[in-house]
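A.B. asks: Going down the list, the sequences are from chains W and H. Just so you know, our numbering puts 109 at position 109 of the first sequence, and the rest follows in order with no gaps. Adding 1000 to a residue's 1-based position in the second sequence gives its number in our numbering. Sharing a structure here in structure tokens format.
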Amino acid sequence: MANYYQDNSDIQFHFKNRDLSRVISLVEDDFAESNKYAYAPKNQEDALDNYERVLAIVGEISADFVAPRAREVDSTGAQYADGEVAYPVGLQEAVKRINQADLAGFILKRKYGGLNMPTTVFSAAIEIFARADASLPLIVALQALAATVEKFGSDDQKERILPRFASGEMIGSMALTEPDAGSDLQSIMLKASEQSDGTWQLNGVKRFITSGCEQFSLVMARSEEGSQGGRGISLFIYERDQDMRIRRIENKLGIKGSPTCELQFTNAKAELLGKRRMGLVKYTMHLMNSARLAIAAQAVGIAEGAYQEANSYAKDRNQFKKAIQDIPIVYEMLTTMRVNIEAARSMLYETSCIVDIKEGIENSIELHPESRAELKSDLSRYTKYASLFTPLVKRFAADMANQVCYDAIQVHGGVGFTKEFDAERHYRDVRITSIYEGTSQLQVVGAIGGVVGGVVFDRLDDYESENDFLEVQTLHKSAQELRACLEAAVAHIKEKADPEFQEYHSERLVNIATDTLLAYLLCIDALNSDRKEKVGHLFIAAALTRARSNLEFIEADDVSMMEFHADIINKAES
Amino acid sequence: MGLKMIVMVKQVPDTHNITGDAMKPDGTVNRSKLPAIINPEDLNALEEAISIKERIGGHITVITMGPKKAVEVLKECLYRGADDVILVSDRKFAGADTLATAYTLKFTIEKIGHFDLILCGRQAIDGDTAQVGPQVAEKLGINQISNLLEVLEISEKEITVRHSITDGYEVARSPLPLLVTVSSEANQPRSPSAKRVMIYKNIDKKDDGVEDNLIQANGPGLVQKITEWDADFIGADPAICGLAGSPTKVKKVENVVLAVNDIQQIPPTEAGISGLIHDLMNDHII
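Below is the structure:
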């Protein structure tokens, strides 16, 4: 029996070496439920043991059940006919298995029937599922919807809705995007009108809605008539009835198992979640941040699958009387793939822990209001870290995974271009990760404030003070050099004090910041493993050349792109 | 109401993952080098029992005869949905062949008392005899159907199944009680339930079973501890159990080196290929 958790020593490395004690204390509220639920852990060790056992179940289902059906799920795809959507059989069966294994309420609280797993474990589960089939995590990760109801809904809403999620009876969708509001979500037009009985009616169209055909949706709508921008938008709970029609599903390049729906709401009855006007600025931002982290995990999982395929092919394939894995230009490709996957994984679990601590502190303050004063500064720190790391890891993981899947076809050569192997499927599936839940370019916009504003340096200071890097001195020195590049670049931008100049260089700044954080994370990993020191060495060597070149370009003050672009794009040769 | 079901399982060395030192020089299995697992087709039997329970309701008791460490396979069954588990363990049972094992299981089942359906795997991957299930049915004097592929109809009185026979399959109906042996083709066993794993993972540790107050809070369905029965308790006749009751004597064990000695022509048709795959699977080659 194969197992995608137990065969993945790198995920296990993070669970073994990362200090999860604070995450566990917070998510378990110091084990307050250990006498209430037979499946609640009694102590730290017990909780960690639970995490590993649950991930082993995820790994077993992924390897034995999901992976063998992935090719058929891809070739059948979700189907649309007469207003109804059918998932491919393999995906339906996979969801049934997941429900049987009690994984449907992975992150929900026990009182609603959930497993109360931290985000860190959820990220690992999504990564593992994605390695088997990229479409599946979309269904699994949408549990984040339930978590949004858990955080912002009324007691009545929670009691009505959450147990149905936890049992697997219901899954859902988040209906945000519209035909004319993609990246620019604050321009949505779908209208919500309050009725005399306090309920609401929705009218309008949503597009690109993953699993929009499901029973449950959180729908973002303009509740304040005549308003413009984000402050006139609220979030609504909608349960599917005859007043919502599925107009069609998209015909996509990849993740074909997952239906992407266009929805038409006509006087559809809905109820408000939380407060009016907070729909986009608070609830959807929270929901999207969870989704972004889930996409990062999905990307790492797809990359892992592609790398495993490429590496095993390169081991078996002989050319020039040797395995192609032993040819320098091929092993360099494979090694770079592996190094970048491991770098992304370090940031994925770092970000997940940060999010767990932030959410845990918020939860703790809610349960124990007297602790607010003590926890306030920590909360503000971790909130800032979460806002910086989430876009960074989403962008890095997605772009990295795209490169890995590209190279995985390259390693296969001609057969990689055919349907005989899975490489082409990974390549198609991974493409969306750089696009949905905010394009990579939008993640730059999300992260730049934390880079220029100094949050990144606060976190680097934490790493310096919490670790003794003496054992990995050479590596640490290179990481410090990266930090120096970042400091110089940020200083240069600040000195200019020109918003346009900053926007022009924001991608380059974010690149250096990402590389610097990854370098430190790999230094920390290297403290626990000689092999990781080698991984760190290769990553940082490449990162330094990238950072130096980015810095050189920023310091050169060459703004010809800003000046020339219009002529080059819009004008023809005369 | 539903059916009262008993599933018989066995802990076996994992012969699907043979490594170089899995066999001792004398040709016997080096059990310490092979992980102990639940016999794969016993999981198919348990899965069949669980799906019958889901269809018409019922209660599933899993029994195993083996040393104390066989408790691990009972935990695997609790993780997947067994309602109760019994470890039948006694030094007097050691060295049992299939006949002596069947007697021990018969005494155990009689001790349990009423049952409607007994399920077990078609055969174990260590001995590959496929004898124990049929022998238990004989000793209990009940009907048996071997190699179950699919349950077509089931009620509290009778069952209709499709099961494989030498040249194909057959649909058979029998009144209950009945013993069925289940083949790996019948189903794909479910994975453990995360909640049940977290509940039962320490059930065999001293004083660390599921506590009373938690049983109150989580419903009466939870198993509190693993039941252990010995030879005296089940009233086993020592003369027919264990080594004493085993007429099978191993005369000699040989290391067989496989060599090509004849060629078999496989027709290039769907049927030919699936026949070959079937044969290879039966021989545990793939």
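Note that CB positions come from ideal geometry on N, CA and C, so glycine has one too. A quick note: this is a predicted structure, and the numbers were derived from the prediction, not measured.
Taking C-beta to C-beta, are Ile-1125 (chain H) and Thr-1015 (chain H) nearer than 7 angstroms?
C.D. replies: Yes.
A.B. asks: Among residues of its own chain, excluding the 5 on either side of Asn-511 (chain W), which ones have a beta-carbon nearer than 8 angstroms to its beta-carbon?
C.D. replies: Closer than 8 angstroms at Cβ, skipping near neighbours: Arg-546, Ala-547, Asn-550.
A.B. asks: Am I right that Ala-132 (chain W) and Tyr-4 (chain W) are in contact with their C-beta atoms under 8 angstroms? What's the rounded C-beta distance?
C.D. replies: So it is a contact: roughly 6 angstroms between Cβ atoms.
A.B. asks: What's the gap between the Cα of Thr-266 (chain W) and the Cα of Ile-209 (chain W)?
C.D. replies: Taking the straight line joining both Cα atoms gives about 17 angstroms.
A.B. asks: Where does Ala-221 (chain W) fall in DSSP's three states?
C.D. replies: It is a strand residue.
A.B. asks: Among W:Glu-437, W:Val-456, W:Ser-465, whose alpha-carbon lies nearest the alpha-carbon of Thr-177 (chain W)?
C.D. replies: Here the closest residue by C-alpha is W:Glu-437.
A.B. asks: Anyone know if the C-beta pair for Ile-1060 (chain H) and Ala-1082 (chain H) falls short of 7 angstroms?
C.D. replies: Yes; because the gap between Cβ atoms is below 7 angstroms, this pair is in contact.
A.B. asks: Does the separation of the CB atoms of Leu-142 (chain W) and Val-66 (chain W) fall below 7 angstroms?
C.D. replies: The answer is no: Cβ separation not under 7 angstroms.
A.B. asks: State yes or no: is the beta carbon of Asn-267 (chain W) nearer than 7 angstroms to at least one beta carbon in chain H?
C.D. replies: For Asn-267 (chain W), the answer is no, since every Cβ of chain H falls outside 7 angstroms of its Cβ.
A.B. asks: Mind listing the chain W neighbours of Lys-1195 (chain H)? Cutoff is C-beta to C-beta under 8 angstroms, in chain order.
C.D. replies: Within 8 angstroms Cβ-Cβ: Tyr-39, Asp-102, Leu-115.
A.B. asks: Would you mind working out which of W:Pro-499, W:Ala-192, W:Ile-432 sits nearest Gly-254 (chain W), comparing C-alpha positions?
C.D. replies: Comparing Cα positions, the closest option is W:Ile-432.
A.B. asks: Between the C-alpha atoms of Ser-9 (chain W) and Ala-303 (chain W), what's the straight-line distance to the nearest angstrom?
C.D. replies: If I take the Cα positions, the gap works out to 15 angstroms.
A.B. asks: Could you check where the alpha helix (DSSP H) with Asn-99 (chain W) kicks off and where it finishes?
C.D. replies: 89-100 is the span of the alpha helix (DSSP H), which, as asked, contains Asn-99 (chain W).
A.B. asks: How is the beta strand (DSSP E) around Asn-1013 (chain H) delimited, first residue to last?
C.D. replies: One detail in the question is off: residue 1013 (chain H) reads as Pro in this sequence, not Asn. Start and end: 1011-1013.
A.B. asks: Rounded to whole angstroms, what's the CA-CA distance from Arg-483 (chain W) to Leu-522 (chain W)? Just pull it up for me.
C.D. replies: The straight-line gap from Cα to Cα measures roughly 14 angstroms.
A.B. asks: So does Arg-317 (chain W) have its beta carbon nearer than 6 angstroms to some heavy atom of the ligand HEM?
C.D. replies: In the structure shown, the ligand HEM is absent, as is every other ligand, since no ligand is present at all.
A.B. asks: Closer than 9 angstroms by beta-carbon distance: list the chain H residues that pair up with Glu-60 (chain W), in chain order.
C.D. replies: Neighbours of Glu-60 (chain W) on chain H, chain order: Ser-1191, Pro-1192.
A.B. asks: Using a Cβ-Cβ distance cut-off of 7 angstroms, determine whether Asn-50 (chain W) contacts chain H.
C.D. replies: True, the Cβ-Cβ gap to chain H drops below 7 angstroms.
A.B. asks: How would you list, in chain order, the residues of chain W whose beta-carbon sits under 7 angstroms from the beta-carbon of Ile-1056 (chain H)?
C.D. replies: Within chain W, no residue comes near Ile-1056 (chain H); the closest Cβ sits about 18 angstroms away, beyond 7 angstroms.
A.B. asks: On the CB-based measure, 16 or more other CB atoms within 10 Å of its CB, does Ala-513 (chain W) come out buried or exposed?
C.D. replies: Classification for Ala-513 (chain W): buried.
A.B. asks: In angstroms with no decimal places, state the Cα-to-Cα distance between Glu-366 (chain W) and Glu-359 (chain W).
C.D. replies: Distance between the alpha carbons of Glu-366 (chain W) and Glu-359 (chain W) is about 11 angstroms.
A.B. asks: Let me see if you follow: with CB-CB separation under 7 angstroms, is Ile-171 (chain W) close to chain H or not?
C.D. replies: By this cut-off, Ile-171 (chain W) is not an interface position.
A.B. asks: What's the call for His-1284 (chain H), buried or exposed, on a 16-neighbour Cβ count within 10 Å?
C.D. replies: So His-1284 (chain H) ends up on the exposed side.
A.B. asks: Give, in chain order, every residue of the stretch 84-97 of chain W whose Cβ lies closer than 7 angstroms to some Cβ of chain H.
C.D. replies: Of all residues in the stretch 84-97 of chain W, Arg-97 have a Cβ within less than 7 angstroms of some Cβ in chain H.
A.B. asks: State the CB to CB distance for the pair Val-219 (chain W) and Pro-179 (chain W), rounded to an integer number of angstroms; the pair is presumed to be in contact (CB under 8 angstroms).
C.D. replies: Actually they are not in contact, since the Cβ atoms of Val-219 (chain W) and Pro-179 (chain W) sit about 15 angstroms apart, beyond 8 angstroms.
A.B. asks: With burial defined as no fewer than 16 other Cβ atoms inside 10 Å of the residue's Cβ, what is the status of Pro-1267 (chain H): buried or exposed?
C.D. replies: With fewer than 16 other Cβ atoms within 10 Å, it is exposed.
A.B. asks: With C-beta atoms as the reference, is Ala-146 (chain W) less than 7 angstroms away from Leu-108 (chain W)?
C.D. replies: Taking 7 angstroms as the Cβ cut-off, Ala-146 (chain W) and Leu-108 (chain W) qualify as a contacting pair.
A.B. asks: Let me check one thing: in DSSP terms, what residues is Cys-261 (chain W) bridge-paired to?
C.D. replies: DSSP, once it has assigned bridges, lists W:Ile-209, W:Ile-249 as partnering Cys-261 (chain W).
A.B. asks: Hey, could you find the ends of the alpha helix (DSSP H) Arg-531 (chain W) is sitting in?
C.D. replies: From DSSP, the alpha helix (DSSP H) with Arg-531 (chain W) extends over 530-555.
A.B. asks: For chain A, is any of its Cβ atoms less than 7 angstroms away from the one on Ile-1199 (chain H)?
C.D. replies: Protein chains in the displayed structure are W and H, and chain A is not among them.
A.B. asks: Answer yes or no: do Cys-1077 (chain H) and Val-1085 (chain H) have a C-beta to C-beta separation smaller than 7 angstroms?
C.D. replies: Yes, they are a contact pair.
A.B. asks: So if DSSP puts Lys-1004 (chain H) in a beta bridge, which residue, or which two residues, is it bridged to?
C.D. replies: Answer by DSSP bridge pairing, in chain order: H:His-1059.
A.B. asks: For Lys-1004 (chain H), I'd like the list of residues in its chain whose CB is within less than 7 angstroms of its CB, leaving aside the five on either flank, ordered along the chain.
C.D. replies: Closer than 7 angstroms at the Cβ level, and outside the excluded window around Lys-1004 (chain H), lie Gly-1058, His-1059, His-1114, Phe-1115, Asp-1116.
A.B. asks: Excluding the five sequence neighbours on either side, which residues of its own chain have a C-beta within less than 6 angstroms of the C-beta of Val-281 (chain W), listed in chain order?
C.D. replies: Hits under 6 angstroms: Gly-230.
A.B. asks: What is the C-beta distance between Ser-1164 (chain H) and Asn-1147 (chain H), in whole angstroms, given that I count them as a contact (C-beta under 8 angstroms)?
C.D. replies: Ser-1164 (chain H) to Asn-1147 (chain H), Cβ: 4 angstroms. Contact.
A.B. asks: What residue range is occupied by the uninterrupted beta strand (DSSP E) comprising Pro-163 (chain W)?
C.D. replies: Where Pro-163 (chain W) is concerned, there is no enclosing beta strand (DSSP E), although the alpha helix (DSSP H) it sits in stretches over 155-166.
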